[in-house]
Amino acid sequence: MTLKRTWVNEVKGHIGQRVLLKGWIHTLRPIGKLRFIVLRDRTGFVQAKLKGEKAPTEELKEEAAIQIIGAVVQDQRAPDGIEVDIEQLVILSSPVEPPPIQINRPLDVIGVRLETALDHRTLSLRHPEIGSVFRVRAELIWAFREYLRGQGFLEVQTPKIVAAGTEGGTALFAVQYFEQTAYLAQSPQFYKQMLVGAGYERVFEVGPVYRAEQHNTARHLNEYISLDYEMGFIDDFREITQLETELLRFMFEHIKRACPKELELYKAEVPKVPKEIPHLTLAEAIDILKKRYNKHCESDLDPEGEKLLCEYTKKELDSEFVFVTHYPRATRPMYAMPNEEDPTLTNSFDLLCRGLEITTGGQRIHPYNMLVESMRSRGLDPKSFEFYLEIFKYGMPPHGGLAIGAERLTAQLLNLSNVREASFFPRDRTRIVP
RNA sequence: GGGGGUGUGGUGUAGCGGCCUAACACGCUGCCCUGUCAAGGCAGAGACCGCGGGUUCAAAUCCCGUCAUCCCCGCCA
């Protein structure tokens, strides 16, 4: 009879039984002829005890991949009162050299620089305090999909190799595409709008976007995962921010249920999503900064302004989020819908969370002639955007949408000090390996 | 693209003109230990102080160059 593998977090349901466990040696502590092994698998940790000489000891090292068969026993002296008496231990693969990062001690004890953790990324991901970020990120993305599907959105995939950028051609990575020059998509913007017009009305996409900007900061990546959605037949841009409010509430409620251990590990408090997230126009925000903090911002908020504004909304409006709306046309892309009352402004917005911009969105221009005119006013040639413009000729509904930076959202939720920590293999100004 | 900072064993730091034949913690190696759980005890290995040049009687330490890297700003999710 062959034993079926038991996951480590299910061991306590097997007291008195023999179990087969597989995993890594998280810690190894020899006490005379007794050896305590804390076994780690994808579900957790359990202590196992090895008596005498039941294994080739020279290969028994921390981080070795092993499998054990043993009886689950209760013992007050063991952590959580449970351990496994090893009958048989097989070493599947043992480290050929000591790992450069210790993964069985708290980060504040071993003190690993981010650079070192990224250099040895796959190893550092084994560290519970490092790798758990991605369980949270995966759940956030799952909840994003789940909520939008429930609201009638279709999940789509759009090309990442494109002919032109959405903002006019800067900040794009050029790639040689046979005899043509192509670019890596900096946003699914054009395509998601086109698919709204194609009749799907509501679409969303989870995918990578590429920015060739020379920034090197704790909040920028040159490749990141964008959580996008776009919806048709809206009355005004408030429909988009309302939907995002509900979406964020759903995502965060899901995280509380799905990731309690991870939240505890990072001492993270899930931000409360108020019934209505405050909306401030950019002009109002700038005014508040000037009056309350003597902070002068001109056409946009700088990072300090974003932090101060969030301080203000938390204190005065009890919200860790704030929508900043009505950005000037000059600072927004050509497809941003001008405001009806003040055409120098747009029906666009950013969402700030705990001092960082995590979303940009807005209503888009849907009348064909207006869009063409907007392109021309920026020196763009509508001819090179015919693939995008075509559907606008044939009854494009009023529409809008937004994009959330997955890594930024994760980082803000877990209070990470650098977005790179929320990317498996971050691409920044100098790093393309691993 | 602009500004500032830092490069010391595997990891994280200390030392910032002579006391450095480079220190500390963790890791690593060997021995001891049958209740460990940031295990403990004893012994030990491991760094030409990023690289190149210079100043000095003397350089990890000061200067110049170079490479790497981090942070901030612009810009952005």
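In the working numbering, the protein residues as written are 207 to 640.
Cβ atoms here follow ideal geometry from the backbone N, Cα and C, with glycine treated the same way.
Mind checking residue i: buried by the 16 CB within 10 Å criterion, or exposed?
{"i": "residue 268", "result": "buried"}
{"i": "residue 553", "result": "buried"}
{"i": "residue 343", "result": "buried"}
{"i": "residue 319", "result": "exposed"}
{"i": "residue 565", "result": "buried"}
{"i": "residue 396", "result": "buried"}
{"i": "residue 392", "result": "buried"}
{"i": "residue 333", "result": "buried"}
{"i": "residue 254", "result": "buried"}
{"i": "residue 389", "result": "buried"}
{"i": "residue 215", "result": "exposed"}
{"i": "residue 404", "result": "exposed"}
{"i": "residue 511", "result": "buried"}
{"i": "residue 359", "result": "buried"}
{"i": "residue 546", "result": "exposed"}
{"i": "residue 310", "result": "buried"}
{"i": "residue 362", "result": "buried"}
Cβ atoms of residue j and residue i: under 7 Å apart, would you say?
{"i": "residue 234", "j": "residue 211", "result": "no"}
{"i": "residue 431", "j": "residue 612", "result": "yes"}
{"i": "residue 407", "j": "residue 434", "result": "no"}
{"i": "residue 532", "j": "residue 551", "result": "yes"}
{"i": "residue 345", "j": "residue 465", "result": "yes"}
{"i": "residue 400", "j": "residue 243", "result": "no"}
{"i": "residue 543", "j": "residue 580", "result": "no"}
{"i": "residue 629", "j": "residue 427", "result": "yes"}
{"i": "residue 291", "j": "residue 277", "result": "yes"}
{"i": "residue 409", "j": "residue 398", "result": "yes"}
{"i": "residue 329", "j": "residue 337", "result": "no"}
{"i": "residue 232", "j": "residue 241", "result": "no"}
{"i": "residue 275", "j": "residue 218", "result": "no"}
{"i": "residue 625", "j": "residue 425", "result": "yes"}
{"i": "residue 297", "j": "residue 265", "result": "yes"}
{"i": "residue 537", "j": "residue 556", "result": "no"}
{"i": "residue 519", "j": "residue 530", "result": "no"}
{"i": "residue 495", "j": "residue 503", "result": "yes"}
{"i": "residue 601", "j": "residue 567", "result": "no"}
{"i": "residue 418", "j": "residue 590", "result": "no"}
{"i": "residue 479", "j": "residue 453", "result": "no"}
{"i": "residue 239", "j": "residue 222", "result": "no"}
Short of 7 Å in beta carbon distance, which residues of its chain neighbour residue i, apart from the five on each side in sequence? Order them along the chain.
{"i": "residue 301", "result": "267, 269 and 270"}
{"i": "residue 610", "result": "433, 564 and 565"}
{"i": "residue 385", "result": "none"}
Could you tell me which residues DSSP pairs with residue i in its beta bridges?
{"i": "residue 556", "result": "530 and 566"}
{"i": "residue 438", "result": "605"}
{"i": "residue 383", "result": "386"}
{"i": "residue 393", "result": "Its beta-bridge partners do not exist; DSSP assigns none."}
{"i": "residue 299", "result": "271"}
{"i": "residue 250", "result": "247"}
{"i": "residue 230", "result": "246 and 271"}
{"i": "residue 487", "result": "531"}
{"i": "residue 291", "result": "255 and 277"}
{"i": "residue 432", "result": "413 and 611"}
{"i": "residue 544", "result": "552"}
{"i": "residue 361", "result": "410"}
{"i": "residue 211", "result": "226"}
{"i": "residue 235", "result": "242"}
{"i": "residue 368", "result": "389"}
CB-CB under 8 Å to residue i, same chain, minus the five flanking residues each way: which ones, in chain order?
{"i": "residue 456", "result": "349, 352 and 353"}
{"i": "residue 196", "result": "Residue 196 cannot be examined here, being either before or after the span of the chain that is shown, 207 to 640."}
{"i": "residue 307", "result": "316, 318, 322, 323, 326, 329, 330 and 333"}
{"i": "residue 365", "result": "391 and 397"}
{"i": "residue 501", "result": "495, 510, 511 and 514"}
{"i": "residue 534", "result": "488, 505, 550, 551 and 552"}
Tell me which residues share the same chain as residue i and place their Cβ nearer than 6 Å to its Cβ, disregarding the 5 neighbours each side in the sequence.
{"i": "residue 209", "result": "226"}
{"i": "residue 462", "result": "476"}
{"i": "residue 438", "result": "402, 407, 603 and 605"}
{"i": "residue 578", "result": "588"}
{"i": "residue 375", "result": "Residue confidence is low: residue 375 scores 46 on pLDDT, short of 50, so the model does not pin down where it sits. Its coordinate-derived value is still stated next. Around residue 375: no qualifying Cβ."}
{"i": "residue 250", "result": "214 and 215"}
{"i": "residue 599", "result": "574"}
(request) Decide if the segment 517 to 531 is in contact with the segment 378 to 395; the criterion is three or more beta carbon pairs, one per stretch, under 8 Å apart. (result) no
(message) With three or more C-beta pairs closer than 8 Å as the rule, is the segment 463 to 482 touching the segment 628 to 640?
(response) no
(request) Say whether the segment 617 to 626 touches the segment 559 to 575, bearing in mind that this needs 3 or more beta-carbon pairs closer than 8 Å, one atom from each stretch. (result) yes
(request) Kindly confirm or deny that the segment 488 to 500 and the segment 436 to 452 touch, where touching means at least three C-beta pairs closer than 8 Å. (result) no
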